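Let me begin by presenting the structure, written as structure tokens, before commenting on it.
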Amino acid sequence: MNIATANKIRFNPASPTFSQNLYQIYQHMQQHQPILRLGHTWVLTRYQDVSYAMKEPRLGNADILQHVLTELQRQQIMLNQPLQDLLQRSLLFKEGNAHHVHRKALQSLFSGTCYQSLKQLIQEEIIRVVQALKGNNQFDGIAQLANLIWPRTFARWLNLTSEQQEIIAQEKQSIRLLLDPSAITFANLQSMMKAMKTLDDLFNQLLNMHFAGRESPFFTALSLGYHQDHDALRHFFSIDCITLVIGGSETREALIGNLIQEVAMDATLQQRLREDPALIRLAVQETMRYESPLQMARRTVLKPLSFHGRTLKEGDSVLLCLGAANRDEQQFNDAGRFIMGRKDGQRHLGFGVGIHQCIGQLLAQFQAESTCEAMLRILPPFVMAAPGQWQQNNRMLRALDVLPLTTSFGYLKG
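For the sequence shown, the residue numbers in the UniProt record's numbering are 1 to 414.
Below is the structure:
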């Protein structure tokens, strides 16, 4: 193997060329480095290994916050105590019974009549966004479509003021670093701390507005989850809102973008979906496997364990490459092809498995399906005007920065 080839297949998510060679790198690691050690981090890429790790109780999320704090201390950066206390209340960093109880409370947002009203809000916003594209010969499927739907829905769901909407839009980029502590630097830490404080103040202000009589579907649903306990709401409301901002918006936007790209690049697929919209569900499922929005998830070793003959020590970090697992040829036949309706498609790990499986996965699927259905029903056939551009500023996501679409002859797959 020459040096140029070796550099191409090196696992380095921070590299600007990593996304270009992503699946080649994953395949090489599955064949030659099924467990790769980088400092105190172990990287897993095989489907069976990633699936096992996500269900293994000796690996968890509880110490990820400590990993964040350790990474900050290594850079001689201190996170103030109020922000540490706030983060410790997040569902993202809990295990065991504390995780179960908190997750059950949040489940009220995604069940029953409250969930049905949320789906109605989503559909209304999707129709507005897609209708606005009618008559446009060219448009960006990210900036003019995928990135608009959830923020507008979120604003109506929480009954946000326009000023609150603007603040959330400004600060959400800074707080996503919590999902990838290795990317934290002194400069962006300052932005993250400021954003956390700003959003905490904003959502506590919103809670007081609700207690004073301001209504919202979100507050109604969350109140049911916490059994109308005002003390519990004061304790969790702000961090629950922040968690939804961190964990929800970007992955949903990425799923829509990745799905629409596949539909735009394959005229046969698009025609099948136009003729039979019931198939859109299968297209979303295959997109979750083929271009998984969440490419990586992090776990911490809570108790030592042996894996592939290696000893993972307590406190070590484990990076689970979901995108690699979903392209594993040992699990999925012809894994490098987008095959709608494949028999093994439902086994994908795009939403995770185990106790930390994505709590909003049904909502994400619904939003992607509804967006695709509305585009196919309202807009004429569309294709790529030019190749899409993958974003480079988030190591954990597979998401498009730009998705140039046109209703004229354009760029097609193959």
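We put the CB at the ideal spot given by N, CA and C, even for glycine.
Since the model is a prediction, treat every value here as computed from it, not as a measurement.
Indicate the three-state DSSP secondary structure (helix, strand or coil) for residue i in the structure shown.
i	result
Gly141	coil
Val318	strand
Ser108	helix
Phe307	strand
Met78	coil
Val245	helix
Leu396	Correcting the residue type first, residue 396 is Met in the shown sequence and not Leu. Note: Met396 maps to coil in three-state DSSP.
Gly257	helix
Met384	strand
Val101	helix
Gln295	coil
Gly360	coil
Pro34	coil
Val353	coil
Thr113	helix
Ile3	Its pLDDT being 42, under 50, Ile3 is placed unreliably by the model, and nothing is read from it.
Gln330	coil
Gly345	helix
Gly414	Caution is warranted here: a pLDDT of 45 is assigned to Gly414, below 50, making its placement in the model unreliable, and the coordinate value is therefore given only provisionally. Of the three classes helix, strand and coil, the one that applies to Gly414 here is coil, per DSSP.
With 16 as the cutoff for other CB atoms within 10 Å, does residue i come out buried or exposed?
i	result
Lys94	buried
Thr45	buried
Thr153	buried
Ile175	buried
Leu408	According to the sequence displayed, residue 408 carries Ser and not Leu. Per the 10 Å Cβ criterion, exposed.
Met396	buried
Gln228	exposed
Gly96	exposed
Pro16	exposed
Ile378	exposed
His348	buried
Asn61	buried
Gly213	exposed
Gln84	exposed
Val101	exposed
Give a yes or no on whether the C-beta atoms belonging to residue i and residue j are separated by under 8 angstroms.
i	j	result
Ala264	Val383	yes
Asn159	Glu215	yes
Gly352	Ala283	no
Arg342	Glu250	no
Leu109	Leu222	yes
Arg327	Tyr115	no
Ile167	Leu189	no
Lys370	Ile126	Here residue 370 turns out to be Ser, not Lys, going by the sequence shown. Going by C-beta atoms, Ser370 is nearer than 8 angstroms to Ile126.
Arg398	Asn258	yes
Gly225	Leu106	yes
Leu302	Arg103	no
Arg10	Trp150	no
Lys313	Val245	no
Gln81	Leu405	no
Ser306	His40	no
Asp140	Val402	yes
Ala53	Arg310	no
Val43	Leu322	no
Trp157	Phe211	no
Leu177	Met196	no
(request) Examine the Cβ distances between the stretch 230-250 and the stretch 201-208 and report whether three or more of them are shorter than 8 angstroms. (result) Three or more Cβ pairs closer than 8 angstroms define a contact, and the stretch 230-250 meets that threshold against the stretch 201-208.
(request) Identify every run of the beta strand (DSSP E) within the stretch 182-208, keeping only runs that are complete inside it and at least 3 residues long; order them along the chain. (result) As far as the stretch 182-208 is concerned, it has no whole beta strand (DSSP E) run of at least 3 residues.
(message) Below 8 angstroms, how does it come out for the stretch 252-269 and the stretch 313-326: are there three or more Cβ pairs, yes or no?
(response) Counting Cβ pairs under 8 angstroms, fewer than three are found: no touch.
(request) Just list the beta strand (DSSP E) runs in the stretch 212-237, keeping only unbroken ones of 3 residues or longer that don't cross its boundaries, in chain order. (result) The stretch 212-237 contains no complete beta strand (DSSP E) run of 3 or more residues.
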